[in-house]
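Here is the structure we will look at, set down as structure tokens.
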Amino acid sequence: MVTDNNLEITLDTWIISDTHFFHENIGRYCSRPENWQELIIKNWNDLISPDEIVLHLGDFALGNKTNFDLLTGMLRGRLFLIQGNHDRISKSYCETRGVTL
Numbered sequence: 507m508v509t510d511n512n513l514e515i516t517l518d519t520w521i522i523s524d525t526h527f528f529h530e531n532i533g534r535y536c537s538r539p540e541n542w543q544e545l546i547i548k549n550w551n552d553l554i555s556p557d558e559i560v561l562h563l564g565d566f567a568l569g570n571k572t573n574f575d576l577l578t579g580m581l582r583g584r585l586f587l588i589q590g591n592h593d594r595i596s597k598s599y600c601e602t603r604g605v606t607l
């Protein structure tokens, strides 16, 4: 349940971390398959409905606002993001995209 951007974690809350979208070397570092980004996006959208809450515990994506916009436009669910060391998007920018930081 979400009220005024406060998050209540329930059994319906999805929790994920360290997706590292747009990190060019992560596939090699972590032995991910060549199409790892597409697989994560497909699995995410197959499992999560648009109104479900997703709590991302950091290292969502590396890169710029264009990459962030692309991802948030494709991924289903209401995203709550805890910043990791690779997440460089500001709180105000996240909020304009419907993401709570």
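This note's numbering puts the sequence shown at residues 507 to 607. C-beta atoms are modelled at their ideal positions from N, C-alpha and C, and glycine is treated no differently. Treat the numbers as computed from the prediction; the structure is a model and nothing was measured.
On a CA-only basis, which of HIS562, PHE566, LEU581 and TYR535 is nearest SER555? Give me that one, please.
What you label residue 555 is simply residue 49 of the sequence shown in a count that begins at 1. Measuring from the Cα of SER555, the nearest candidate turns out to be LEU581.
For the alpha helix (DSSP H) holding PHE574, just list the boundary residues, first then last.
Counted from its first residue, the sequence shown places residue 574 at position 68. For PHE574, the enclosing alpha helix (DSSP H) covers residues 571 to 580.
Just to confirm before moving on: does the CB-CB distance between VAL605 and LEU576 stay below 8 Å?
Residue mapping note: residue 605 aligns to position 99 of the sequence shown, counting from 1. Residue mapping note: residue 576 aligns to position 70 of the sequence shown, counting from 1. Pairing VAL605 with LEU576 gives a Cβ-Cβ distance that is not under 8 Å.
Does the beta-carbon distance from GLU558 to GLY579 come in below 8 Å?
The residue labelled residue 558 in the question sits at position 52 within the sequence shown. The residue labelled residue 579 in the question sits at position 73 within the sequence shown. Contact annotation: GLU558 and GLY579 have beta-carbon atoms that are not nearer than 8 Å.
Taking CB distances under 8 Å as the criterion, tell me whether GLY579 reaches chain B.
Included in the structure is just one protein chain, with no chain B present.
Just the C-alpha distance for GLU601 and ASP518, rounded to the nearest angstrom, thanks.
Locating residue 601 in the sequence shown gives position 95, counting from the first residue. Locating residue 518 in the sequence shown gives position 12, counting from the first residue. One C-alpha to the other measures close to 22 Å.
Tell me, which residues are paired with LEU561 by DSSP?
Residue numbering aside, residue 561 sits at position 55 when the sequence shown is read from its first letter. ILE521 and PHE586, per the DSSP bridge assignment.
List the residues that DSSP assigns as beta-bridge partners of THR606.
Sequence index remark: in the sequence shown, residue 606 carries index 100 (1-based). Bridge partners of THR606: PHE586.
Check whether the Cβ atoms of HIS562 and ILE522 sit closer than 8 Å, and answer yes or no.
Along the sequence shown, read from residue 1 onward, the residue named residue 562 stands at position 56. Along the sequence shown, read from residue 1 onward, the residue named residue 522 stands at position 16. Taking 8 Å as the Cβ cut-off, HIS562 and ILE522 qualify as a contacting pair.
Would you report the Cα separation of HIS570 and ARG534, rounded to the nearest angstrom?
Residue mapping note: residue 570 aligns to position 64 of the sequence shown, counting from 1. Residue mapping note: residue 534 aligns to position 28 of the sequence shown, counting from 1. Sequence inspection shows Asn at residue 570; the His mentioned does not correspond to that position. Answer to the nearest angstrom: the Cα atoms are 22 Å apart.
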